[in-house]
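All remarks here apply to the structure that follows.
There are 2 protein chains.
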Amino acid sequence: MTDRSPLAPAAFPSLPSIEGVTLRTARAGYKAWTRCDLTYVEMDAGTAVAGVTTQSKCPSPEVEWCRDAIPLGSARALVVNAGNANAFTGHRGRAAVEAIAARVANHLSCLPSDVFVSSTGVIGVPLPIDKAEAGLDAAFTAIPCGWEEAATTIGTTDTYAKGASASAMIGDVRVELVGIIKGSGMIAPDMATMLGYIFTDAAIDPALLQSMLSAANKRTFSCITVDSDTSTSDTVLAFATGKAGNAPLTSMDDAGADAFHAALTDLCRQLAHLVVRDGEGATKFVEINVEGATSDDSAHRIGLSIANSPLVKTAIAGEDANWGRVVAAIGKAGEPADRDTLSIRFGTTQVASGGLAVEGYDEAPVAAHLKGQDIVIGVDLGLGDGRATIWTCDLTHGYISINADYRS
Amino acid sequence: MTDRSPLAPAAFPSLPSIEGVTLRTARAGYKAWTRCDLTYVEMDAGTAVAGVTTQSKCPSPEVEWCRDAIPLGSARALVVNAGNANAFTGHRGRAAVEAIAARVANHLSCLPSDVFVSSTGVIGVPLPIDKAEAGLDAAFTAIPCGWEEAATTIGTTDTYAKGASASAMIGDVRVELVGIIKGSGMIAPDMATMLGYIFTDAAIDPALLQSMLSAANKRTFSCITVDSDTSTSDTVLAFATGKAGNAPLTSMDDAGADAFHAALTDLCRQLAHLVVRDGEGATKFVEINVEGATSDDSAHRIGLSIANSPLVKTAIAGEDANWGRVVAAIGKAGEPADRDTLSIRFGTTQVASGGLAVEGYDEAPVAAHLKGQDIVIGVDLGLGDGRATIWTCDLTHGYISINADYRS
Chain A
1 MTDRSPLAPA
11 AFPSLPSIEG
21 VTLRTARAGY
31 KAWTRCDLTY
41 VEMDAGTAVA
51 GVTTQSKCPS
61 PEVEWCRDAI
71 PLGSARALVV
81 NAGNANAFTG
91 HRGRAAVEAI
101 AARVANHLSC
111 LPSDVFVSST
121 GVIGVPLPID
131 KAEAGLDAAF
141 TAIPCGWEEA
151 ATTIGTTDTY
161 AKGASASAMI
171 GDVRVELVGI
181 IKGSGMIAPD
191 MATMLGYIFT
201 DAAIDPALLQ
211 SMLSAANKRT
221 FSCITVDSDT
231 STSDTVLAFA
241 TGKAGNAPLT
251 SMDDAGADAF
261 HAALTDLCRQ
271 LAHLVVRDGE
281 GATKFVEINV
291 EGATSDDSAH
301 RIGLSIANSP
311 LVKTAIAGED
321 ANWGRVVAAI
331 GKAGEPADRD
341 TLSIRFGTTQ
351 VASGGLAVEG
361 YDEAPVAAHL
371 KGQDIVIGVD
381 LGLGDGRATI
391 WTCDLTHGYI
401 SINADYRS
Chain B
1001 MTDRSPLAPA
1011 AFPSLPSIEG
1021 VTLRTARAGY
1031 KAWTRCDLTY
1041 VEMDAGTAVA
1051 GVTTQSKCPS
1061 PEVEWCRDAI
1071 PLGSARALVV
1081 NAGNANAFTG
1091 HRGRAAVEAI
1101 AARVANHLSC
1111 LPSDVFVSST
1121 GVIGVPLPID
1131 KAEAGLDAAF
1141 TAIPCGWEEA
1151 ATTIGTTDTY
1161 AKGASASAMI
1171 GDVRVELVGI
1181 IKGSGMIAPD
1191 MATMLGYIFT
1201 DAAIDPALLQ
1211 SMLSAANKRT
1221 FSCITVDSDT
1231 STSDTVLAFA
1241 TGKAGNAPLT
1251 SMDDAGADAF
1261 HAALTDLCRQ
1271 LAHLVVRDGE
1281 GATKFVEINV
1291 EGATSDDSAH
1301 RIGLSIANSP
1311 LVKTAIAGED
1321 ANWGRVVAAI
1331 GKAGEPADRD
1341 TLSIRFGTTQ
1351 VASGGLAVEG
1361 YDEAPVAAHL
1371 KGQDIVIGVD
1381 LGLGDGRATI
1391 WTCDLTHGYI
1401 SINADYRS
């Protein structure tokens, strides 16, 4: 890993173990590195699964595999390969995924569709099946490891290991949720993709878990952007072992379902923020709160238009309260907006309102806010009740250095 | 002006004068600079006008003024203010535009709606009416100047003056077209916007001129992007004085209409390329040819998705034939695409085809192509007949320096 992001948390958190989940890592040698690069997670029989994957029209074979397996609802294992995305590799890429699933299925005496596979790294190079198989064989007999080692092993250009936890009460049973994630951009191809894995001991029907995960995804992972480039391989999977002993959740009306949903959403938000905080070249974490839009979806698109604007992102890097660039980004979003009802805040200071600059606003708190690491931009469109929050980072020389001063 | 773009033409071209068009410049002093910053163009009575303006939902009052005046079809003057965009300035911005139009109308004894106004520069500061009026008074009595001086005066962060010409035969009459343009990005707010002005001595009905300009715009200005940030103020106006003496064009069926349309489109393309070649921080001019899409519009959107991808743009800056990033950009476009029928070229070399890398393709010509200043990326989606060409530039440290290492 390269220099730790200035926005990284001080340390990897202390995370509880999840009953029914066993983590192991091994070195398949996908790249010329000496670290472990294959993560193998075994889950007890009866584990439910849900997932969300990239909207890309050019998905990796791993994404296609997961899309087919998720609706079946059950999981026994997860394999994550780091250093090779196996994307855009035709039938050879598909064959590698099938070989991995078959080898794990044989080892666990389960169905291949119970085995979930992700890969992250360079695009266009088929994952070498021999290395994957040897790596798996090593993993099968490896000593189990902890969350931090697994979170480190799934990473590529990540500058720190990312994990988080949450908990909820279902009836009188406390259930635990733990997530690990990797990513240093919505995409940073060749070397990165967002992959997130959530494990819980709760007993929950896979269809309900899927609906909760999809809803959480819409408000968390779908609300972050580093560079607007969506990956071929983005995947978030949630596994529920059912070992906590709670009365199984099967509907949102069940006691504890709301609490579990809230905990799952909270965990997704934590993980999503960890990715933005490792955005390539990032020096500022930026929250964009949009309100007063004609709908929540419209607010979401306006927020993303601001968050993806290179000019807004470079202004923040330059600690410049350049609200004119925010106006331009709102104007180009293609969503309902009325220049003359629009107002903009930096931090808590209103800088523009009713179609023009707020005359004589105090620049001192704005300048102080922009010098910090956590920037909040507020936009009120003055049109309706639609709202959304988007998280992003600034755009700096570091991003250019990582992505241009580099050859594949 | 800062250092001339490495992609700039060797010199400003030799351009013919257009009968019925008189150029003058003056110093209004919108910024603390000593150069002229107000361009005043007088056109003889009978001049037809057409125009296209930004799609932004937060347009400048100048854009709104032009949108109202264009359908009336006649023009007598153009005023361009450099150094202040007058955007997002409420009723005070509108009043400044009205004051300028009124003063010119009084000077020329014409209607205010015959006066076209553009402004470019910082957003959010009302254009000072007293400076505009004093600048206009100075311009009214200034000695007429040439195209290069006018092209220089409309510029802001532009690193070189931009002009081009074309000609066409209408019957046995040769008509001339000259255009000047400024812009160093689709937007580079605070200090730039794309403003283009085309002048011709052809006699042409304004409605026909409008339809030709709109069609040309769709294939030229709408096909360029520097940073994906659409301006609040982008404007292209075409003025036809009718002094060439050709039989007036009133329909596409008239003799010479096709030739004139082709010349106008050619001129628009030249001007559009000049803007990309002055893209902020640009070191490479990039043409993206998309074919095989399900429609031309779909090809256009896929081309823009590639052209706006920070990861594609940084790869080109790094002279890296990173076609995986092109695949990812196609995949995220939201348009029909099939990974397994997709092929990609760099220069003339096919690097990926049928869903995977072309095995053993010769990397030498690809590397040589990427070391050049003019990069061509070809994408064949293999789905239909839709095609589009998009032009952009690379994304470099220069862009970050211009936009982040800077305070407004």
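Those protein sequences? They're chains A and B, same order as listed. Position one of the first sequence corresponds to residue 1 (this note's numbering), numbered consecutively onward. Position one of the second sequence corresponds to residue 1001 (this note's numbering), numbered consecutively onward. Beta carbons are placed, not taken as given, at the ideal position from N, Cα and C, and that holds for glycine.
Asked: Own chain partners of SER14(A) with C-beta closer than 6 angstroms, once the 5 adjacent residues on each side are dropped; Found: none
Asked: Nearest-angstrom Cα separation, counted from PHE260(A) out to GLY20(A); Found: 18 angstroms
Asked: Which of helix, strand or coil DSSP assigns to ILE143(A); Found: coil
Asked: Neighbourhood of VAL1052(B) by C-beta distance below 7 angstroms, restricted to the same chain and skipping five residues each side; Found: LEU1213, SER1214, ASN1217 and VAL1236
Asked: Residues bridged to GLU953(B) (per DSSP); Found: Chain B is shown from 1001 up to 1408; residue 953(B) falls before or after that span and cannot be answered.
Asked: Which listed residue (PRO1336(B), GLU1149(B), CYS1223(B) and ASP1296(B)) has its alpha carbon closest to that of ASP1495(B); Found: In the structure as shown, chain B starts at 1001 and stops at 1408, and residue 1495(B) therefore has no counterpart that could be examined.
Asked: Burial state of LYS371(A), where buried means 16 or more other Cβ atoms lie within 10 Å; Found: exposed
Asked: Length of the line joining the Cα atoms of PRO206(A) and LEU1383(B); Found: 37 angstroms
Asked: Cβ neighbour criterion (16 or more within 10 Å) applied to ILE187(A); Found: Low per-residue confidence applies at ILE187(A): pLDDT is 45, beneath 50, and the placement is therefore not dependable enough to give any value.
Asked: Beta carbon proximity, GLY1331(B) to chain A, threshold 8 angstroms; Found: yes
Asked: Whole-angstrom distance between ALA315(A) and ASP234(A), CA atom to CA atom; Found: 29 angstroms
Asked: Assigned exposure category for ASP278(A) - 16 Cβ within 10 Å defines buried; Found: buried
Asked: Integer-rounded CB distance, given that THR1225(B) should sit under 8 angstroms from ASN1308(B); Found: 6 angstroms
Asked: Beta-carbon contacts of MET1001(B) that lie in its chain and below 6 angstroms, excluding the five residues immediately before and after; Found: Confidence is the limiting factor: at MET1001(B) the pLDDT is only 44, short of 50, which leaves the residue's position unreliable, though a coordinate-based value still follows. If we look at MET1001(B) and ignore the five residues flanking it on each side, its Cβ neighbours are THR1159.
Asked: Pair within 8 angstroms by beta-carbon distance, THR1047(B) and SER1017(B); Found: no
Asked: Assigned exposure category for PRO1310(B) - 16 Cβ within 10 Å defines buried; Found: buried
Asked: SER214(A): first and last residue of the uninterrupted alpha helix (DSSP H) it sits in; Found: 206-219
Asked: Positions along the segment 1293-1319 of chain B whose CB lies within less than 9 angstroms of some CB in chain A; Found: ASN1308, SER1309, PRO1310, LEU1311, VAL1312, LYS1313, THR1314, ALA1315, ILE1316, ALA1317, GLY1318 and GLU1319
Asked: Residues within the segment 70-102 of chain A neighbouring chain B, beta-carbon criterion of under 9 angstroms; Found: ALA85, ALA87, PHE88, THR89, GLY90, HIS91, ARG92 and GLY93
Asked: Any C-beta of chain A under 8 angstroms from that of THR1235(B); Found: no
Asked: Beta-carbon separation (whole angstroms), ALA1132(B) vs ALA1096(B), contact threshold 8 angstroms; Found: 6 angstroms
Asked: Beta-carbon separation (whole angstroms), THR1039(B) vs ILE1154(B), contact threshold 8 angstroms; Found: 5 angstroms
Asked: Reduced DSSP secondary structure (H/G/I, E/B, other) of PHE1260(B); Found: helix
Asked: Cutoff 6 angstroms; reference VAL1104(B); Cβ partners in own chain excluding five residues on either side; Found: ALA1077 and VAL1115
Asked: Residue-chain proximity (ARG1339(B), chain A), Cβ-Cβ < 8 angstroms; Found: yes
Asked: Any chain B beta carbon closer than 8 angstroms to HIS397(A); Found: yes
Asked: GLY1163(B) vs TRP1147(B) beta-carbon contact at 8 angstroms; Found: yes
Asked: Cβ of TRP65(A) within 8 angstroms of any chain B Cβ; Found: no
Asked: Cβ separation of CYS36(A) and ALA26(A), assumed to be a contact under 8 angstroms, to the nearest whole Å; Found: 6 angstroms
Asked: Identified DSSP bridge partners for GLU42(A); Found: THR22(A) and ALA77(A)
Asked: For GLY1281(B) and ILE1402(B), believed in contact at Cβ under 8 angstroms, the rounded distance; Found: 6 angstroms
Asked: Contact with chain B by ALA352(A), beta-carbon distance below 8 angstroms; Found: yes
Asked: Nearest candidate by alpha-carbon position, reference ASP254(A), set LEU209(A), THR232(A) and LYS284(A); Found: LEU209(A)
Asked: Min CB distance GLY1183(B) to chain A below 8 angstroms; Found: no
Asked: Burial state of ALA1368(B), where buried means 16 or more other Cβ atoms lie within 10 Å; Found: exposed
Asked: GLY1398(B) versus THR1392(B) - alpha carbon distance; Found: 15 angstroms
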